[in-house]
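Q: Residue numbers (the UniProt record's numbering), protein chains in the order written: chain A, 1 to 231; chain B, 1 to 231. Backbone N, C-alpha and C fix where the C-beta goes; we use that ideal spot for every residue, glycine too.
There are 2 protein chains.
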Amino acid sequence: MPHPPVHSPTILCTVDVVLLTLTADGLQVALLVRDRAPHAGALALPGGFVRPTEDSGTRDAAARMLREKTGLHSPYLEQLATFSGPDRDPRGWSVSVVYYALVPPMAPDDGAPAAVEWHPVDRLPPLPFDHAEIVRQALARVRSKSQYSSLPVHLCGERFTLPQLKLVYEAVLGERVNQVSFRRRMDELGMLEPMVGETVGGAHRPAQVWRVKEAFRGELSLSERVLAGRD
Amino acid sequence: MPHPPVHSPTILCTVDVVLLTLTADGLQVALLVRDRAPHAGALALPGGFVRPTEDSGTRDAAARMLREKTGLHSPYLEQLATFSGPDRDPRGWSVSVVYYALVPPMAPDDGAPAAVEWHPVDRLPPLPFDHAEIVRQALARVRSKSQYSSLPVHLCGERFTLPQLKLVYEAVLGERVNQVSFRRRMDELGMLEPMVGETVGGAHRPAQVWRVKEAFRGELSLSERVLAGRD
DNA sequence: CTAATAGTGTCTATAAGACAGTATACT
DNA sequence: AGTATACTGTCTTATAGACACTATTAG
Chain A
1 MPHPPVHSPT ILCTVDVVLL TLTADGLQVA LLVRDRAPHA GALALPGGFV RPTEDSGTRD
61 AAARMLREKT GLHSPYLEQL ATFSGPDRDP RGWSVSVVYY ALVPPMAPDD GAPAAVEWHP
121 VDRLPPLPFD HAEIVRQALA RVRSKSQYSS LPVHLCGERF TLPQLKLVYE AVLGERVNQV
181 SFRRRMDELG MLEPMVGETV GGAHRPAQVW RVKEAFRGEL SLSERVLAGR D
Chain B
1 MPHPPVHSPT ILCTVDVVLL TLTADGLQVA LLVRDRAPHA GALALPGGFV RPTEDSGTRD
61 AAARMLREKT GLHSPYLEQL ATFSGPDRDP RGWSVSVVYY ALVPPMAPDD GAPAAVEWHP
121 VDRLPPLPFD HAEIVRQALA RVRSKSQYSS LPVHLCGERF TLPQLKLVYE AVLGERVNQV
181 SFRRRMDELG MLEPMVGETV GGAHRPAQVW RVKEAFRGEL SLSERVLAGR D
């Protein structure tokens with residue numbers, strides 16, 4: 001049986017994850033202090049080697065990386081792209097399959113190891129490898145997909161109000177969203193259901209609480225049209 | 001210096017290419033007869049092992065694969081996704097970074113080795129590995145991107161008429177395109193320039209010949225809106 | 001002149017945005 | 001009652017599609 005070119009130098013096969021959340025300070029990306037060379041001590045994306053004995057695929061490896069390194073489970077985990085080349089990792093020719101994940105903002109000690117540092121995506125520290133470029137592409141993807149899909153709901157908790165969700169879209173897209181159109185679209189998508197009777201709101205008229213319908217949980221709703229048109 | 005887990009079984013790192021063209025019989029995908037195990041003799045996507053000593057990245061490997069196996073150079077070559085797992089290749093745990101390419105229909109003996117077989121995408125023979133799924137995803141991507149970008153121009157030759165280009169969009173999208181809207185959009189994109197004086201057309205009014213402007217060649221024009229609305 | 005395709009002008013339908021109104025809480 | 005926010009009704013504007021008209025060629 002013919003075999004791969006064993007005479008060739010080994011290719012390092014890794015997975016990296018761009019884990020994003022949204023706080024009052026905008027989109028944040030999870031960074032970890034690397035505990036080993038190369039770049040020991042530096043802040044970098046969670047990642048590591050694929051383990052053929054454990055992982056059933058790179059997606060599985062990415063989920064494992066999240067679990068082991070951040071203590072998180074993200075229901076939304078999607079492949080971004082694969083980065084490769086002889087120079088991106090000083091250890092040798094490497095291939096990194098990159099995933100991105102979106103999670104709701106966490107309570108301060110919500111099981112996440114203290115090692116996780118959240119950094120605003122527009123004020124990142126210098127990152128090792130090609131991680132800066134990877135984050136840039138992840139952001140572009142998230143912003144692009146948010147135009148015509150329900151992606152941003154993964155940045156909300158399980159229950160949310162439409163004004164809250166609108167703010168999330170605005171934060172991700174970086175521009176104002178038309179209130180009337182936004183509500184029309186969310187209605188047309190048919191993806192949300194009101195928690196009847198449940199409202200939240202402090203000093204003024206309380207807002208209806210919604211959640212994603214069972215059938216739509218875990219996957220995205222795609223729209224033919226732009227979901228969040230400008231105001 | 002810490003090293004990758006050398007005790008782990010090797011991960012096979014490969015590249016596959018979904019090469020598409022458009023003929024009167026619709027979208028066609030390039031298949032090659034495999035000359036070695038596994039699946040020797042079967043029709044499969046062009047692909048092979050990444051060669052760290054030769055390739056500067058997986059994109060480069062994909063371009064090499066195209067060149068070596070089909071004799072073609074495709075100006076449009078984009079990463080589709082990466083497929084991985086223990087079972088997709090009988091030789092072991094593998095990662096395949098898949099690219100897709102679009103080329104104009106070729107003259108019968110335009111340098112392509114005889115080994116290249118073009119098959120209509122909607123009537124493919126059984127394919128080995130996970131190549132059927134890969135082709136499916138490539139088609140979905142191409143159709144999706146054609147909605148709002150100039151992608152289909154890569155299926156035309158260097159010069160084309162607007163009626164021809166409209167037919168290409170219709171073939172890719174699988175639905176009729178509104179003539180007036182189509183011309184409006186192509187005009188607004190500002191990507192095409194007329195070859196003044198050049199027209200083609202047989203028995204009736206000849207059509208203006210166009211080409212992609214220098215500045216837009218090699219890259220896509222993206223539109224905020226749907227490029228090819230229904231008729 | 002006819003036929004057939006290329007290309008345009010313009011009306012209509014649809015969808016998005018603006019804006020102002022009503023609704024409902026807390027003070 | 002006042003005020004601030006939630007939500008809605010409706011007018012205006014922008015964009016897409018339908019349709020018919022003109023343009024240009026061959027025969």
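Between B:T199 and the rest of its own chain, which residues show a CB-CB distance below 7 Å, the 5 nearest in sequence each way excluded?
A: Reading the second sequence from its first residue, position 199 is the one you call residue 199 of chain B. Excluding positions up to five away in sequence, the list reads P206, A207, Q208 and V209.
Q: Does any CB atom of chain A fall closer than 9 Å to the CB of B:A63?
A: Here the question's residue 63 of chain B lines up with position 63 in the second sequence. Chain A contact via Cβ: absent.
Q: Using the Cα positions of A:R136 and B:V95, report the straight-line distance between them to the nearest angstrom.
A: Residue numbering aside, residue 136 of chain A sits at position 136 when the first sequence is read from its first letter. Residue numbering aside, residue 95 of chain B sits at position 95 when the second sequence is read from its first letter. Whole-angstrom Cα-Cα distance: 24 Å.
Q: For the alpha helix (DSSP H) that A:F182 lies in, which residues bound it at each end?
A: Here the question's residue 182 of chain A lines up with position 182 in the first sequence. Start and end: Q179 to L189.
Q: Measuring CB atoms only, is the region 81-88 of chain B touching the region 78-98 of chain A, in the sense that at least three cross pairs come out at less than 8 Å?
A: With a cut-off of 8 Å, the region 78-98 of chain A and the region 81-88 of chain B count as touching, because enough Cβ pairs lie within range.
Q: In terms of alpha-carbon separation, which member of B:F216, B:D25, B:G26 and B:T70 lies closest to B:P46?
A: Taking the second sequence and counting its residues from 1, the one referred to as residue 46 of chain B is at position 46. Selected option, being the one with the closest Cα: B:T70.
Q: Given this structure, state the Cα-to-Cα distance separating B:V168 from B:P105, to the nearest angstrom.
A: For the purposes of this step, residue 168 of chain B is identified with residue 168 of the second sequence, where counting begins at 1. For the purposes of this step, residue 105 of chain B is identified with residue 105 of the second sequence, where counting begins at 1. So the alpha carbons of these two residues sit roughly 11 Å apart.
Q: Any beta carbon from chain B within less than 9 Å of A:R59's own beta carbon?
A: Position 59 of the first sequence, counted from the first residue, corresponds to residue 59 of chain A. Interface residue, yes.
Q: Along chain B, in chain order, which residues have C-beta atoms closer than 8 Å to that of A:I134?
A: Working through the first sequence from its first residue, we reach residue 134 of chain A at position 134. Within chain B, no residue comes near A:I134; the closest Cβ sits about 13 Å away, beyond 8 Å.
Q: Mark B:T23 as exposed unless 16 or more other C-beta atoms lie within 10 angstroms of its C-beta, in which case mark it buried.
A: Numbered from 1 along the second sequence, position 23 holds the residue referred to as residue 23 of chain B. It is exposed - the Cβ of B:T23 has fewer than 16 other Cβ atoms within 10 Å.
Q: Can you find at least 3 beta carbon pairs, one from the region 46-61 of chain B and one from the region 14-21 of chain B, that sit closer than 8 Å?
A: Touching, yes.
Q: With 16 as the cutoff for other CB atoms within 10 Å, does B:K213 come out buried or exposed?
A: As a first step, residue 213 of chain B must be located in the second sequence, where it is residue number 213. So B:K213 ends up on the exposed side.
Q: Shorter than 9 Å from the beta carbon of A:S149 to some beta carbon of chain B?
A: If you number the first sequence from 1, residue 149 of chain A lands on position 149. False, the Cβ-Cβ gap to chain B never drops below 9 Å.
Q: Cα-Cα, which of B:R64, B:L139 and B:G190 is closest to residue 240 of chain B?
A: Past the edges of chain B, shown from 1 to 231, lies residue 240 of chain B, and the structure says nothing about it.
Q: Measure the CB-CB distance between B:A132 and B:V33 and report whether it falls below 9 Å.
A: Stepping through the second sequence from its first residue, residue 132 of chain B is reached at position 132. Stepping through the second sequence from its first residue, residue 33 of chain B is reached at position 33. In this structure, B:V33 does not lie closer than 9 Å to B:A132 by Cβ.
Q: So with Cβ pairs under 9 Å, would you call residue 232 of chain B a contact of chain A?
A: Absent from the model: residue 232 of chain B. The displayed extent of chain B is 1 to 231, so no value can be given.
Q: From this set, B:Q147, B:T53 and B:M191, which residue's C-alpha is nearest B:E170's C-alpha?
A: As a first step, residue 170 of chain B must be located in the second sequence, where it is residue number 170. Per the Cα distances, B:Q147.
Q: Can you name the start and end residues of the alpha helix (DSSP H) that A:A62 belongs to?
A: Position 62 of the first sequence, counting from 1, holds the residue named residue 62 of chain A. Looking at the DSSP string, the run of the alpha helix (DSSP H) that includes A:A62 is T58 to T70.
Q: Would B:D130 and B:L27 qualify as a contact pair, given that the criterion is a beta-carbon distance under 9 Å?
A: Sequence index remark: in the second sequence, residue 130 of chain B carries index 130 (1-based). Sequence index remark: in the second sequence, residue 27 of chain B carries index 27 (1-based). For B:D130 and B:L27, no; Cβs fall outside 9 Å.
Q: Can you pull the chain B residues whose beta carbon is under 7 Å from the beta carbon of A:G85, in chain order?
A: Within the first sequence, the letter at position 85 stands for residue 85 of chain A. Within 7 Å Cβ-Cβ: S56 and G57.
Q: Residues of chain B with a CB under 8 Å from the CB of A:P9: which are they?
A: As a working mapping, residue 9 of chain A is identified with position 9 in the first sequence. Going along chain B in sequence order, the residues near A:P9 (Cβ under 8 Å) are P52 and T53.
Q: Quick check on the DSSP output: the alpha helix (DSSP H) that includes B:A101 runs from which residue to which?
A: Here the question's residue 101 of chain B lines up with position 101 in the second sequence. Premise fails: B:A101 lies in the beta strand (DSSP E), S94 to L102, not in any alpha helix (DSSP H).
Q: In chain order, which alpha helix (DSSP H) runs of at least 4 residues are fully inside the region 126-208 of chain A?
A: Runs found: 131-148, 162-173 and 179-189.
Q: For chain B, is any of its Cβ atoms less than 9 Å away from the one on A:W210?
A: Position 210 of the first sequence, counted from the first residue, corresponds to residue 210 of chain A. Taking Cβ atoms only, chain B never reaches closer than 9 Å to A:W210, which makes this a no.
Q: Measure the alpha-carbon distance for A:A203 versus A:D35 and round it to whole angstroms.
A: The residue you call residue 203 of chain A lines up with position 203 of the first sequence. The residue you call residue 35 of chain A lines up with position 35 of the first sequence. Approximately 48 Å between the Cα atoms of the pair.
Q: For A:H154 versus A:Y99, is the C-beta distance shorter than 9 Å?
A: As a position in the first sequence, residue 154 of chain A is number 154, starting the count at 1. As a position in the first sequence, residue 99 of chain A is number 99, starting the count at 1. Not a contact, by the Cβ cut-off of 9 Å.
Q: Leaving aside the five residues before and after B:R183 along the sequence, list all residues of the same chain whose C-beta is less than 8 Å from its C-beta, in chain order.
A: Position 183 of the second sequence, counted from the first residue, corresponds to residue 183 of chain B. Correct list, in chain order: L162.
Q: Along chain A, in chain order, which residues have C-beta atoms closer than 8 Å to that of B:V172?
A: Along the second sequence, one-based indexing puts residue 172 of chain B at 172. Simply none; closest approach about 17 Å.
Q: How long is the line joining the alpha carbons of A:A215 and B:L66, rounded to whole angstroms?
A: The count along the first sequence starts at 1 and reaches residue 215 of chain A at position 215. The count along the second sequence starts at 1 and reaches residue 66 of chain B at position 66. If you take the alpha carbons of A:A215 and B:L66, they lie about 42 Å apart.
Q: For a contact meaning CB atoms closer than 7 Å, what does B:C13 contact in chain A?
A: Indexing the second sequence from 1 puts residue 13 of chain B at position 13. The answer, in chain order, is I11, C13 and V95.
Q: Is it true that the CB of A:S144 sits closer than 9 Å to the CB of A:L189?
A: Taking the first residue of the first sequence as position 1, residue 189 of chain A is located at position 189. Taking the first residue of the first sequence as position 1, residue 144 of chain A is located at position 144. It is not a contact, given that the beta carbons lie outside the stated cut-off.
Q: Using DSSP bridges, identify the partner residues of A:F83.
A: Start at 1 with the first residue of the first sequence, and residue 83 of chain A comes out as number 83. According to DSSP, which records beta bridges pairwise, A:F83 is partnered with A:S96.
Q: Flag B:G41 as yes if its beta-carbon sits less than 9 Å from any beta-carbon of chain A, otherwise no.
A: The residue you call residue 41 of chain B lines up with position 41 of the second sequence. So no, B:G41 is outside the interface.
Q: From which residue to which residue does the beta strand (DSSP E) around A:L22 run?
A: Within the first sequence, the letter at position 22 stands for residue 22 of chain A. Element bounds for A:L22: L12 to T23.
Q: I believe B:P90 touches B:P38 by the beta-carbon criterion, under 8 Å. Please report the beta-carbon distance rounded to the nearest angstrom.
A: On the second sequence, position 90 is the one that residue 90 of chain B refers to. On the second sequence, position 38 is the one that residue 38 of chain B refers to. Contact holds; Cβ gap of about 5 Å.
Q: Taking all protein chains shown into account, do 16 or more other C-beta atoms lie within 10 angstroms of the C-beta of A:P31, making it buried, or fewer, making it exposed?
A: Residue numbering aside, residue 31 of chain A sits at position 31 when the first sequence is read from its first letter. Note on identity: in this sequence residue 31 of chain A is Leu, with Pro being the wrong assignment. Looking at its Cβ environment, which holds 16 or more other Cβ atoms inside 10 Å, A:L31 is buried.
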